[in-house]
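Trainee: Before anything else, here's the structure in question.
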Amino acid sequence: LFFNIANCYVRMDQYAVAIQKYNQSIQIKPDFAEALYSLSMLYITLEKGSQAIQLLRWLAELGNSKWSELATQFIEDIEQQELQL
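Sequential numbering from 46 applies to the sequence shown in the numbering used here.
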């Protein structure tokens, strides 16, 4: 439920509330890969790379191959962009 509400807030550009709702969703189910991924993408949008990387590393450790692969790729991309700055 919180995940869907968070997605609605993202669509309305109310990112602070969306972050709260994603976090509530993750607190209830810490291995909720889609919520971890969505929150990390929101952090990337908000240029909060270190917070995004933290969540992506958590996601990569979950062992779900689809989400782990995505997370690993995004971590590499973010770190590469940070090196170029």
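Built from N, CA and C at the ideal position, the CB exists for glycine as well. Values in this document were obtained by computation on a predicted structure and should not be read as measured data.
(1) Express the C-alpha separation of GLN129 and PRO75 in angstroms, rounding to a whole number.
(2) With ASN49 as the anchor, note down where its alpha helix (DSSP H) starts and where it stops.
(3) State the CB to CB distance for the pair ALA97 and SER70, rounded to an integer number of angstroms; the pair is presumed to be in contact (CB under 8 Å).
Mentor: Reading it off the structure:
(1) What you label residue 75 is simply residue 30 of the sequence shown in a count that begins at 1. What you label residue 129 is simply residue 84 of the sequence shown in a count that begins at 1. Roughly 33 Å separates the two Cα atoms.
(2) By 1-based counting over the sequence shown, the position of residue 49 is 4. Looking at the DSSP string, the run of the alpha helix (DSSP H) that includes ASN49 is 47-56.
(3) Taking the first residue of the sequence shown as position 1, residue 97 is located at position 52. Taking the first residue of the sequence shown as position 1, residue 70 is located at position 25. About 17 Å separates the two Cβ atoms, so there is no contact after all.
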